[in-house]
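Going down the list, the sequences are from chains D and B. In terms of the UniProt record's numbering, the first sequence opens at residue 1 and continues consecutively. In terms of the UniProt record's numbering, the second sequence opens at residue 1 and continues consecutively.
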Amino acid sequence: MSKPSSTSFEKDSPDISNHEDEDPVVRIPVWTGIALRLALFFYTDASSFFKHRVETSTPVTSWKRFQEGLHLFQHGLPPYDGGVYHQAPLLLAVFNFLPPILIPFLFVALDYWIARGLVEIASYKRKTLQEEVWPEPTLKPTLLAPPPLEEESDEEETETPNQETAGLNRDAHTEQIKEAPKGDTLIPPWLVDDPATLLPKKRPKATKKTPSQPQDVTRPVDALLQAEDIGSIYLLNPFSVMTCLAQSTLLFTILAVIHGLRFAIRGNRSLSMLCIAIAAYLSLYPAMMIAPAVLILARNSHVGISKEMRTSLPLFIGYAVALLGLSYLLIGSWQFLESTYGVILFVPDLTPNIGLFWYFFIEMFDQFRTFFLCVFQILVFIFVVPVSMVFKNHPLFVAFLLTAIMAIFKSYPSLGDTALYLTFLSMNRELFKYMRHSFLVFSALFFASVLGPLFYYLWLYAGSGNANFFYAITLVFALAQVILITDTGFAMARREWDRLNPDLRTKRVELIHR
Amino acid sequence: MAWTNLVLTTILGLLLALHAAAAPEESYDEKLKLTQFKDGKVLAEFYFTRFISPSAVKKAKDNHYTLLPRSIGEIIQSFGVKELHLTFTQGTWNHEKWGYSPLSAPGGVQLWSWFETANVDSQWKGLTHALAGLFCASLNFIDQSATAEPLLSFRTNGTVTSASELTESNSPQLRYGSLPREAVCTENLTPWVKLLPCQTKAGIASLFNAYRLFDGNFHSMGTHLRPICTDAMCEQRGIEFVQTLAVVLDPMRLDNRKDWSLQTIFERKLDSACPVAENTQIVVTVPETSGFTFRPSPPDVKQDGKGHTIATYPIHRETPKNMDVGITWSNPTVNHTIDRTHSYIRANRYLTGYGGERGGLSVDLYNYRSSAIPVTYFESIPWILKLYLHTLKVETSVNKSTAVVGDIFFQPAIDRGRPSVLEMQLTLPPNSTTTISIEFDKAFVKYTEHPPDANRGFDIGAAVISLRADEGEQNTRIYTETLLISLPTPDFSMPYNVITLTCTLIALFFGSMFNLLTRRFEPLTIKR
């Protein structure tokens, strides 16, 4: 019986220490990702291969272009007086004194730090999930029960205190199923195929002795995420492996974004704003990440968001100005502004990537170029405020949405951006069962990832395809991501509605304008 | 009153004689150099040289022109041009077989000019547009994105700077541009011929037969303008205006014989000298000392000590009409061997790599002499190729690579703004092959930036190798091949489709997000 098992799971869910032993998933430690990277760096040519791939190296993150900038810088030539180098000046200072042999290690270390930061963020997420308040329904919540599991063995093996009620409810449930088309109640799918209900038999007996909470059958059961898993998910994500091997300087941006959130979680406002400022300084778009950081800070320090904003924003601006000032001192002119942020905003370099800009602006009529540039760039930034307002209780979900929007609609996206938001997505495991299109989305992402390089090859090397092939794939990739974002957004909204409306959890709902 | 007439005439005659004796204000010479190579090909070099004295230059400023064409004079004045070299070329000069000639030029159009004005860039733009109109060529496509400023190559041929000028702030500035793609044809020849004082009515220009001129292995017509000092301190400067035309014709192709004459190669004969010309001469050079006869026998034959026989025919007004100059060989064998003593430096430029994304550019520089030779390598690459300076490699076949490279000047390209310029001082080791290689990424350009025949590709202008003038001559320049690069093309029929599809996606995203952020869940009430 599923219901009893789910309730037993529910009981011990706040008990973190026990849970670690219970989860049957084999844990993959973080260092496997590190070992994989080092092996690929030193025993294969993967690094030089990915350095040249448009999927991982964009004009604003490419290692080859960075080398060119560094070469010019080291030989006393102005690196920004040309059309090749578009990366931030302070990166030059970082690599100026670094021996070349250490560079692969540095990039692996960057990924490791990113993973550590993600683990800390994930444990915060885990904490907030546990602290989440689910109001009790005022009505008796036995109107409906989850359907029985298919396996009969479950029923026999699991012995729970609530077996009686479960048995009773089972009959009610079968009636319910018959009535469902007529009535206004239904069994929500996230209660039907709740993954937690599939895992009851391996549960040790000890957990049953933990003090039980008041039972609420209408509350979905969340498999608690393991913080370490998030680090492993990031490090073993092929997209992030490729980005690391390509030595994309995007990793610095990701590291800064992650640490901006990490320090916000620790309540360190100054360091958090410094990291977000660095991320914004490196690639402009992550300035948006100030929103989730401020939400987290406000939550931690129990002050109003607007008050938190008033203290954080000046810090952010101060740090950003200081970074730009340092760059000016390093380069000796303001030329870098045009060559870095100008390129990100005005997109003069139309090298293909997985984003939407390149083909659009290759084909765009000259007289409409400015208009569409404005539209595209505004589209990226326009959702910061509304998303932060709607999901202000879920700052990490805001972080996910913003990183995802950036990854799709920034001017030079790469797979590293995708890897980042997919990791944030994996932290929101409680939403998966609310999602409606995950099969479509992940199939499309998979097929686009496979067909993208093939079609690119057909276009540029074999000559048997044209630019439309690769464009179509980038379009599919973007479409899948758009559906993923909206689907996840819907899932979060639905879950919030369920949480805050205990009495209506089993009712049919529809989206309406207020 | 007969005596007064006589006196007046005498005075007038005296005045004219005095005037003429004082200094020739302007002079005009014509020269045709015909050189036969060992492989039988004949190079015809036409020189139309005008010297404009400082006083005539001053008159020209008051719109008083005699020999200097007014169109050229106005260009000099309005754009502050000090020196100007413009060549229209078709074909590639074969340095290996034909040696070095001052008239060798890279394929297409090459223009370089020294300016003496403050705002050089706008003057350069004006100059290219004016010359485009004058020569009926697309010179106006030499915009900022195709203009280079060489630092080491293209030193002035004329005496541009006096010592006092070097200290001035507006020291002369150089601009260089080339259009490797320009197809040179009669529509460029006609306006060029119009600048000649006798046009094609008389003088050596009467040999111009467009069918023959454009039928050769190499064709290049040039317009060169340079200042000439007329006094020791270089306070006074005149202008030398030279129009040149070089054409390599192949008599072997016509009847498989080395024999040739003006009649066979141009299908024209020389009628008369141009009356304006002070000197007109035809010089015939043969790379042999015996085995041939000049027709007609020349008044002046000499050997130059390098195995060449040079015959000179002065042309006067008295020269009989229908004059034909040529050579008859008693030894009809053709020698295709390459003489390295005259062409001791050779350069080959080629592309490496494959695919539409990136590639490499390599130049092989051969030095066949047993002494090290200093050269200057100049390359101006359009911005569509993004060069990576850190991949620049210079390797020599002999193991002296450290001493090969002297100064390197590199200017990275700016997209749609300016080309990459690479200039290097090299010392080529004796009997060696030096390879310069650099990698590039191909740019993905807007669909409007592709030429109408997009899949043909983009031309990359020739690289220039300047040999230092160590033998008391002008700088010798060697030009490499022009290259053809195919850039990845978009689908040119797609603009509307792309705009529609991408905007649909964006609308989908915006609509869904807008929905998500503005709407709320409400329980559904079903009315029964």
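Just so you know, even glycine gets a beta-carbon here, dropped at the ideal spot from N, CA and C.
#1: So residue 442/B is in the beta strand (DSSP E); what residue range does that whole segment cover?
#2: Hey, how far is the Cα of residue 211/B from the Cα of residue 219/B?
#3: Would you report the Cα separation of residue 238/B and residue 316/B, rounded to the nearest angstrom?
#4: Could you tell me the alpha carbon to alpha carbon distance between residue 345/D and residue 448/D, rounded to whole angstroms?
#5: Could you say if the segment 357-373 of chain B and the segment 435-442 of chain B meet the contact criterion of at least three C-beta pairs nearer than 8 Å?
#6: What are the start and end residues of the beta strand (DSSP E) that includes residue 110/B?
#7: Under the assumption that residue 423/D contacts residue 276/D (Cβ atoms under 8 Å), give the Cβ distance between them as a whole number of angstroms.
#8: Closer than 7 Å, Cβ to Cβ, to anything on chain D: give me those residues from the segment 375-399 of chain B, in chain order.
#9: With DSSP run on the structure shown, which of helix, strand or coil describes residue 69/D?
#10: When the Cα of residue 72/B is compared with those of 108/B, 56/B, 106/B and 130/B, which residue comes out closest?
#11: Is there a Cβ of chain D sitting closer than 8 Å to that of residue 352/B, yes or no?
#12: What are the boundary residues of the alpha helix (DSSP H) that residue 529/B is part of?
#13: Could you check the C-alpha separation between residue 67/B and residue 240/B for me, to the nearest Å?
#14: In the DSSP output, which residue or residues are listed as bridge partners for residue 27/B?
#15: Beta-carbon separation of residue 30/D and residue 235/D under 8 Å?
#16: Helix, strand or coil, according to DSSP, for residue 323/B in the structure here?
#17: Which whole runs of the beta strand (DSSP E) in the segment 353-437 of chain D are 3 residues long or more, in chain order?
#18: DSSP state of residue 346/D, grouped into three classes?
#19: So who's on the other strand from residue 73/B, going by DSSP bridges?
#20: Checking contacts by CB at 8 Å: is residue 505/B closer than that to chain D?
#21: Does DSSP put residue 318/B in a helix, in a strand, or in coil?
#22: With a Cβ-Cβ cutoff of 8 Å, do residue 417/D and residue 251/D count as a contact?
#23: Helix, strand or coil for residue 221/B? Go by DSSP, reduced to three states.
#24: Applying a beta-carbon distance threshold of less than 8 Å, which residues of chain B neighbour residue 497/D?
#25: Specify, as a first and last residue, the run of the alpha helix (DSSP H) that residue 488/D falls within.
#26: If the criterion is Cβ atoms closer than 8 Å, does the pair residue 466/B and residue 246/B meet it?
#27: If residue 259/B sits next to residue 327/B, beta carbons under 8 Å apart, how far is it from one beta carbon to the other, in whole angstroms?
#28: Show which residues of chain C have a CB atom less than 9 Å away from the CB atom of residue 468/D.
#29: By a C-beta neighbour count over all protein chains shown, 10 Å radius and 16 as the cutoff for buried, is residue 66/D buried or exposed?
#30: Tell me, please, whether the CB atom of residue 285/D is closer than 8 Å to any CB atom in chain B?
#31: If you check the beta carbons only, do residue 426/B and residue 410/B fall under 8 Å apart?
#32: With DSSP as the reference, label residue 255/B as helix, strand or coil.
#33: So what's residue 354/B in DSSP terms, helix, strand or just coil?
#34: For residue 54/B, which residues in the same chain have their Cβ closer than 7 Å to its Cβ, ignoring the five residues on either side in sequence?
#35: Roughly how many angstroms separate the alpha carbons of residue 82/B and residue 111/B, rounded to a whole number?
So, from the data block:
#1: 432-442
#2: 12 Å
#3: 27 Å
#4: 26 Å
#5: Using a C-beta cut-off of 8 Å, the segment 357-373 of chain B makes contact with the segment 435-442 of chain B, since at least three inter-stretch Cβ pairs fall below that distance.
#6: 108-115
#7: Not really, about 18 Å apart at Cβ, beyond 8 Å.
#8: 383, 386, 388, 389 and 390
#9: In the structure shown, the three-state DSSP call for residue 69/D is helix.
#10: 130/B
#11: no
#12: Within the shown structure, residues of chain B are numbered from 1 to 528, placing residue 529/B beyond reach of any answer.
#13: 11 Å
#14: According to DSSP, which records beta bridges pairwise, residue 27/B is partnered with 51/B.
#15: yes
#16: Three-state result, residue 323/B: strand.
#17: Annotation note: the segment 353-437 of chain D contains no uninterrupted beta strand (DSSP E) run of length 3 or greater.
#18: In the three-state DSSP reduction, residue 346/D falls in the helix class (H, G or I).
#19: Per DSSP, none; premise fails for residue 73/B.
#20: yes
#21: coil
#22: no
#23: strand
#24: 520 and 521
#25: 467-500
#26: Against a cut-off of 8 Å, the Cβ pair of residue 246/B and residue 466/B comes out as no contact.
#27: 6 Å
#28: Although the question refers to chain C, the structure presented lacks it and instead comprises the protein chains D and B.
#29: buried
#30: Put simply, the CB of residue 285/D is far from chain B, with every gap to its CB atoms at 8 Å or more.
#31: no
#32: helix
#33: coil
#34: 230, 236, 237 and 238
#35: 13 Å
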